[in-house]
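S.K.: Line order of the protein sequences matches chains A and B.
Each residue of the first sequence is one higher than the one before, counting from -3 in this note's numbering.
Each residue of the second sequence is one higher than the one before, counting from 59 in this note's numbering.
A virtual CB, placed ideally from N, CA and C, is assigned to each residue, including glycine.
Keep in mind it's a predicted model, so treat the numbers as computed, not measured.
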Amino acid sequence: MTKLPVWADVVLVPLISLLLAIFFSGVVIYLISPDSPATLENESWKAVLDAGRIVVEGSMGSPYAWGYTLYYATSFIFTGLAVTVAFHAAMFNIGGEGQAQLGGLGVALACLFIPWPHWSLALLGAGVGAALFGAAWAAIPAWMQAKRGSHIVITTIMFNYIGAALIIYLLVYVLRPVGQMDPATANFPPATHLPTLHEIPGLNLIFTKKVPANVSLFVALVACYLVWVLLWRTQLGYEIRAFGKSPEAAKYAGISGTRIIMVSMLISGGLSGLMSINNVMGESGRLLQNSSEGAGFIGIAVALMGRNHPLGVLLAAILFGFLYQGGAELGLWTSIPIELRTVVQGLVILFTGALDQMVRMMLGLVFRPARKPEAA
Amino acid sequence: MQGETTTGRQETAAPAIELRGISKAFGSVQANKDISIKVARGTIHGIIGENGAGKSTLMSILYGFYRADAGEILIHGTPTQIPDSQAAIRAGIGMVFQHFKLVNTFTVLENVILGAEDGPLLRPSLAKARKLLGDLARDYELDVDPDALVEDLSVGHQQRVEILKALYRQADILILDEPTGVLTPDEADHLFRILRGLKEQGKTIIIITHKLREIMEITDTVSVMRRGQMTATVKTAGTSPEELAELMVGRKVLLDVAKGPANPGRTILEVRDLRVRDENGVERVKGIDLHIRAGEILGIAGVAGNGQSELIKVLGGIKKGTGSVLLNGAPLDLSGRAADAESRREKGVAHVPEDRQHLGMILDFTAWENLAFGYQGDPAYHRNGFLMDNDAMMKDALGKMERFDVRPPIPTLQGKSFSGGNQQKIILARELERNPDLLLVGQPTRGVDIGAIEFIHKRIVELRDAGKAVLLVSVELDEILSMSDRIAVMFDGRIMGERDPDQTNERELGLLMAGVTNETAA
Chain A
-3 MTKLPVWADV
7 VLVPLISLLL
17 AIFFSGVVIY
27 LISPDSPATL
37 ENESWKAVLD
47 AGRIVVEGSM
57 GSPYAWGYTL
67 YYATSFIFTG
77 LAVTVAFHAA
87 MFNIGGEGQA
97 QLGGLGVALA
107 CLFIPWPHWS
117 LALLGAGVGA
127 ALFGAAWAAI
137 PAWMQAKRGS
147 HIVITTIMFN
157 YIGAALIIYL
167 LVYVLRPVGQ
177 MDPATANFPP
187 ATHLPTLHEI
197 PGLNLIFTKK
207 VPANVSLFVA
217 LVACYLVWVL
227 LWRTQLGYEI
237 RAFGKSPEAA
247 KYAGISGTRI
257 IMVSMLISGG
267 LSGLMSINNV
277 MGESGRLLQN
287 SSEGAGFIGI
297 AVALMGRNHP
307 LGVLLAAILF
317 GFLYQGGAEL
327 GLWTSIPIEL
337 RTVVQGLVIL
347 FTGALDQMVR
357 MMLGLVFRPA
367 RKPEAA
Chain B
59 MQGETTTGRQ
69 ETAAPAIELR
79 GISKAFGSVQ
89 ANKDISIKVA
99 RGTIHGIIGE
109 NGAGKSTLMS
119 ILYGFYRADA
129 GEILIHGTPT
139 QIPDSQAAIR
149 AGIGMVFQHF
159 KLVNTFTVLE
169 NVILGAEDGP
179 LLRPSLAKAR
189 KLLGDLARDY
199 ELDVDPDALV
209 EDLSVGHQQR
219 VEILKALYRQ
229 ADILILDEPT
239 GVLTPDEADH
249 LFRILRGLKE
259 QGKTIIIITH
269 KLREIMEITD
279 TVSVMRRGQM
289 TATVKTAGTS
299 PEELAELMVG
309 RKVLLDVAKG
319 PANPGRTILE
329 VRDLRVRDEN
339 GVERVKGIDL
349 HIRAGEILGI
359 AGVAGNGQSE
369 LIKVLGGIKK
379 GTGSVLLNGA
389 PLDLSGRAAD
399 AESRREKGVA
409 HVPEDRQHLG
419 MILDFTAWEN
429 LAFGYQGDPA
439 YHRNGFLMDN
449 DAMMKDALGK
459 MERFDVRPPI
469 PTLQGKSFSG
479 GNQQKIILAR
489 ELERNPDLLL
499 VGQPTRGVDI
509 GAIEFIHKRI
519 VELRDAGKAV
529 LLVSVELDEI
539 LSMSDRIAVM
549 FDGRIMGERD
559 PDQTNERELG
569 LLMAGVTNET
579 AA
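Now the structure itself:
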């Protein structure tokens, strides 16, 4: 196969994959459009275009729309980074959901039981709680992988279910305030409320309406930078990457596989857990069941599309933020069900993750003739 | 088939194989460039060349794995298209690969007919194959038990099965890729007898090898490849190893290692009753005693898979074992917490592993990252307690690449972009410049071009002359004989004996390698 130029590999391949995904999403919307496609073809295509317009406008047409898109993106950055760190150690951490929900528990405990004087201290405390609980939930599968060889994919998936069940149990029997009907904790005290973009001086000129995106976004951006430093500027990152590329060679270099598996999974779990400062602390202000709402899984797609690089993760997280928010708008304004956004996400993952080799091959055909004359 | 029709007419007529202007490019790399050769019927033709010279590509084109960009293939004078291996078999070409393509859990007979069955029922094919195998065994010394499972056969016998497979498919042109790489000298001799027998029956044989000695011994004509081109085709009788080496490399090459006598000093390494088990609990090293002194190279000879790999891995700290190992008089931890590669490096053990691409470096890492591999904890590579100093690593890498003549000297290239020889130089630069007390070096020149071999050998001898101990493991007897100050031969996890390189020869070592100890001839 022809080796593509770097720019084509990094920019063109994801772009074309994305366009393919969008095209097929359009086809799906066309097919499920309530107007019978056979008779009213023009109407159906109009529905597709309308849907496209709603998605774009609803996710980036206004600062208000951006406020939602960035809120989702913040969560996806954390879970995407979590998958990225583990991936560099050749650990496929599918347990983002469970780790994020346990992280939510850490946030809830920190916010409910410690009287914080100011939101910034509360953010710090809750962040530590979130990371610790998320890391702890990743530690068990990591230990079983490192010591017993239990495959991390299987164990982390199982721990998602165990984690969800554990949270429901705690919400129903332990943390639910007396007299409350729904399985959730009490509302967090006002001192733990994180400023949203609307409430930050300066940014409130742009975000004039209340939006869910909050200061966690900046924590996420810092996390992107720190993950980059970790992976490419520290000895630990060097060893994680070495182990991920070749466990055998890592052993030759005196790198302990057990240590790398444990440390990378703890960092990964901690990052997954950290997403809870965005949704649990920043948005809902209390811990609900299924707080992660699938962000743990979307993190896999985000890492995949972002090529396991923090910058790529950032961009991919924003893209998935668009899709998430745009899909919600679609459900709101059209008769197209909100579940369609799952279909669209599925198509994006399919094309950017699973089928990008196909795009690469097709591009290889495009790039080959240009090189042939000089070689022959 | 063609092979059995007549002899007189065809000998004078077209050559068995003729290649005309074969070219093949991979991306911007020209693997084969306008290659034309003629291989006369009933001869043994050698093809030699350094790694990456394009030998394998050429043979892959001939066997239908690749399609040439340009050029023509003529088999017995007929232009022939070979789009896949089935077409190659139909054209009478048989290939014996370096890595055998046998089903280990099948018997010899089953392997031979696999893919060449006569019908849906196996019985007639098996009967036919059994008869044919009997004939071939009688005619060519190709005897193998037809009912033995392939996994129970020795490597030499497995190779015979590959040859039988080709002959069963009525091949009259046989291509062998590095056929003696895994054989003992005795097995190699046997193989050569088989090949000569086949030649006498009118078969045409092409051997690809990098061993000059074999070329001189068995071939009638030899073609030399360099950088994708055929630089010369000569009659073997009219050439010499030195001339061939020069043709391969493009300059004069010192085939013998220039080294003075050893000055052994105090004992650096002392091994007593070392035992190693593999993952399945099978004992691979069965009680070894040896010692190496400062300023001396101990060569470990043996056919691959007789415990040498395990020995070097235990000493390097990447495998656990039992027994006692003293380094500079202090015991090494063989199975506890300090039985890791990092602890070994701290104690002054450097390790150039046998499998450089899977152990010695990370192919996806850049050269500068690889040049720090294993020493990533060195304070010189760190800016502070948290951050690594990439600039310092880069500078260090540039110096090492220059001193060890790594080509191209670009530290930002990935490990996999370097040729085998230059990868080995990267590893040697990294390990030797640590100035270790003990150097463990496995297969230092496997897959390395002749030009680089000379350089690598020189560096190892220099380390010896600086008063260091060197443990050299190699399956290349030539290398063991020319490099070592003492030779220990391993067979089945034991040391069969120790010899002085000046007072032994390949035959004696070969017998020891095959496990024969009552050598009266020595």
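Between the beta-carbon of residue 479(B) and the beta-carbon of residue 505(B), is there less than 9 Å?
M.R.: Numbered from its first residue, the second sequence carries residue 479(B) at position 421. Numbered from its first residue, the second sequence carries residue 505(B) at position 447. Contact: yes.
S.K.: Could you pull the start and end residues of the alpha helix (DSSP H) that residue 451(B) belongs to?
M.R.: Within the second sequence, residue 451(B) is the residue found at index 393, counting from 1. Here the alpha helix (DSSP H) through residue 451(B) covers 448 to 461.
S.K.: What residues of chain B sit near residue 230(A), judged by a beta carbon separation below 7 Å?
M.R.: Numbered from its first residue, the first sequence carries residue 230(A) at position 234. By Cβ distance, chain B contributes 444, 445 and 446.
S.K.: Mind checking the region 219 to 249 of chain A against chain E and listing, in chain order, the residues whose C-beta falls within less than 7 Å of any C-beta there?
M.R.: The structure shown contains no chain E; its protein chains are A and B.
S.K.: Let me check one thing: in DSSP terms, what residues is residue 88(A) bridge-paired to?
M.R.: Position 92 of the first sequence, counted from the start, is the residue given in the question as residue 88(A). Paired residue(s): none; residue 88(A) is not in a bridge.
S.K.: Mind checking if residue 256(A) is an interface residue toward chain B, Cβ cutoff 9 Å exclusive?
M.R.: The residue given as residue 256(A) occupies position 260 in the first sequence. So, not an interface residue.
S.K.: Give the secondary structure of residue 88(B) by DSSP, where H, G and I count as helix, E and B as strand, and everything else as coil.
M.R.: As a working note, residue 88(B) is residue 30 in the second sequence. Reduced to three states, the DSSP call for residue 88(B) is strand.
S.K.: Out of 168(B), 447(B), 446(B) and 539(B), state which residue places its alpha-carbon closest to the alpha-carbon of residue 207(B).
M.R.: Counted from its first residue, the second sequence places residue 207(B) at position 149. When each option's Cα is compared against that of residue 207(B), the closest is 168(B).
S.K.: Give the residues of chain B in contact with residue 260(A), contact being defined as C-beta atoms less than 9 Å apart.
M.R.: The residue labelled residue 260(A) in the question sits at position 264 within the first sequence. Per Cβ cutoff of 9 Å: no residues; residue 260(A) is ~16 Å from chain B at best.
S.K.: List the residues of chain B that residue 405(A) touches, going by C-beta distances under 8 Å, in chain order.
M.R.: Nothing can be reported for residue 405(A), as the shown portion of chain A is limited to -3 through 372.
S.K.: Taking all protein chains shown into account, decide if residue 3(A) is buried (16 or more other Cβ within 10 angstroms of its Cβ) or exposed.
M.R.: In the first sequence, counting from the first residue as 1, residue 3(A) sits at position 7. Its Cβ having fewer than 16 others within 10 Å, residue 3(A) is exposed.
S.K.: For the pair the region 180 to 193 of chain A and the region 106 to 113 of chain A, tell me if three or more CB-CB distances fall below 8 Å.
M.R.: Result yes; three or more Cβ-Cβ pairs closer than 8 Å.
S.K.: The beta strand (DSSP E) that contains residue 496(B), what's its start and end?
M.R.: The count along the second sequence starts at 1 and reaches residue 496(B) at position 438. That run of the beta strand (DSSP E) goes 496 to 500.
S.K.: Over what stretch of residues does the alpha helix (DSSP H) that includes residue 436(B) continue unbroken?
M.R.: Walking along the second sequence from the start, residue 436(B) turns up at place 378. Unbroken run through residue 436(B): none, as it is neither H nor E.
S.K.: Could you tell me whether the Cβ of residue 565(B) comes closer than 9 Å to any Cβ of chain A?
M.R.: Working through the second sequence from its first residue, we reach residue 565(B) at position 507. Not an interface residue.
S.K.: Taking DSSP as the reference, what is the three-state secondary structure of residue 158(A)?
M.R.: In the first sequence, counting from the first residue as 1, residue 158(A) sits at position 162. Looking at residue 158(A) - three-state DSSP - the assignment turns out to be helix.
S.K.: Taking buried to mean at least 16 other C-beta atoms within 10 Å of its own C-beta, is residue 476(B) buried or exposed?
M.R.: Taking the second sequence and counting its residues from 1, the one referred to as residue 476(B) is at position 418. Buried is the call here.
S.K.: Distance check for residue 58(A) and residue 294(A), CA to CA, integer angstroms please.
M.R.: Along the first sequence, one-based indexing puts residue 294(A) at 298. Along the first sequence, one-based indexing puts residue 58(A) at 62. Approximately 24 Å, taken between the alpha carbons.
S.K.: Just reading off the beta strand (DSSP E) that residue 233(B) is part of, what are its end residues?
M.R.: The residue given as residue 233(B) occupies position 175 in the second sequence. Looking at the DSSP string, the run of the beta strand (DSSP E) that includes residue 233(B) is 231 to 235.
S.K.: Output needed for residue 643(B): all residues of its chain with C-beta closer than 8 Å, excluding positions within five of it in sequence on either side, in chain order.
M.R.: Residue 643(B) cannot be examined here, being either before or after the span of chain B that is shown, 59 to 580.
S.K.: Whose CA, out of 122(A), 22(A), 252(A) and 7(A), lies closest to the CA of residue 269(A)?
M.R.: As a working mapping, residue 269(A) is identified with position 273 in the first sequence. If we check each option's Cα against that of residue 269(A), 122(A) comes out closest.
S.K.: Nearest CA to the CA of residue 497(B): which residue from 448(B), 326(B) and 414(B)?
M.R.: Position 439 of the second sequence, counted from the start, is the residue given in the question as residue 497(B). Ranking the options by Cα distance to residue 497(B), first place goes to 326(B).
S.K.: Flag this pair as touching only if the region 394 to 404 of chain B and the region 371 to 379 of chain B have three or more C-beta atom pairs under 8 Å; answer yes or no.
M.R.: Touching, per the Cβ criterion.
S.K.: When you compare only the Cα positions, how much space is there between residue 531(B) and residue 103(B)?
M.R.: For the purposes of this step, residue 531(B) is identified with residue 473 of the second sequence, where counting begins at 1. For the purposes of this step, residue 103(B) is identified with residue 45 of the second sequence, where counting begins at 1. Whole-angstrom Cα-Cα distance: 31 Å.
S.K.: For the ligand ATP, I want to know if residue 125(A) counts as a neighbour, meaning its beta carbon is within less than 8 Å of at least one of the ligand's heavy atoms.
M.R.: This structure lacks the ligand ATP, and indeed carries no ligand of any kind.
S.K.: 9 Å is my cut-off, CB to CB: does residue 427(B) come that close to chain A?
M.R.: To locate residue 427(B), count along the second sequence from 1; it is residue 369. Chain A, which has a Cβ nearer than 9 Å to the Cβ of residue 427(B), makes this yes.
S.K.: What does residue 434(B) reach in chain A if we use C-beta pairs closer than 9 Å?
M.R.: The residue you call residue 434(B) lines up with position 376 of the second sequence. Simply 231, 234, 235, 238, 249, 250 and 251.
S.K.: Give the straight-line distance between the Cα atoms of residue 237(A) and residue 84(A), rounded to the nearest whole angstrom.
M.R.: Against the first sequence, residue 237(A) aligns to sequence position 241. Against the first sequence, residue 84(A) aligns to sequence position 88. Roughly 5 Å between the two C-alpha positions.
S.K.: Does the beta-carbon of residue 515(B) have 16 or more other beta-carbons within 10 angstroms, so that it is buried, or is it exposed?
M.R.: As a first step, residue 515(B) is located in the second sequence; it is residue number 457 there, counting from the start. Per the 10 Å Cβ criterion, buried.
S.K.: For the region 105 to 123 of chain B, enumerate the residues whose C-beta is nearer than 7 Å to any C-beta of chain A, in chain order.
M.R.: For the region 105 to 123 of chain B, which is checked against every Cβ of chain A, not one residue is closer than 7 Å.
S.K.: Quick one: what's residue 133(B) bridged to in DSSP?
M.R.: On the second sequence, position 75 is the one that residue 133(B) refers to. Note: residue 133(B) sits in a beta bridge opposite 75(B) and 136(B).
S.K.: From residue 141(A) to residue 250(A), what does the alpha carbon distance come to, in whole angstroms?
M.R.: Residue mapping note: residue 141(A) aligns to position 145 of the first sequence, counting from 1. Residue mapping note: residue 250(A) aligns to position 254 of the first sequence, counting from 1. Looking at the two C-alpha atoms, the distance is approximately 19 Å.
S.K.: Taking a contact to mean a Cβ-Cβ separation below 9 Å, would you say residue 333(A) touches residue 327(A) in this structure?
M.R.: On the first sequence, position 337 is the one that residue 333(A) refers to. On the first sequence, position 331 is the one that residue 327(A) refers to. For residue 333(A) and residue 327(A), yes; Cβs fall inside 9 Å.
S.K.: Are the CB atoms of residue 9(A) and residue 255(A) within a distance shorter than 9 Å?
M.R.: Locating residue 255(A) in the first sequence gives position 259, counting from the first residue. Locating residue 9(A) in the first sequence gives position 13, counting from the first residue. No, they are not a contact pair.
S.K.: Among 158(B), 127(B) and 118(B), which one has its Cα closest to the Cα of residue 145(B)?
M.R.: On the second sequence, residue 145(B) is found 87 positions in, with the first residue counted as 1. Per the Cα distances, 118(B).
S.K.: Nearest-angstrom Cα distance between residue 571(B) and residue 343(B)?
M.R.: The count along the second sequence starts at 1 and reaches residue 571(B) at position 513. The count along the second sequence starts at 1 and reaches residue 343(B) at position 285. Using only the alpha carbons, I get a separation of about 15 Å.
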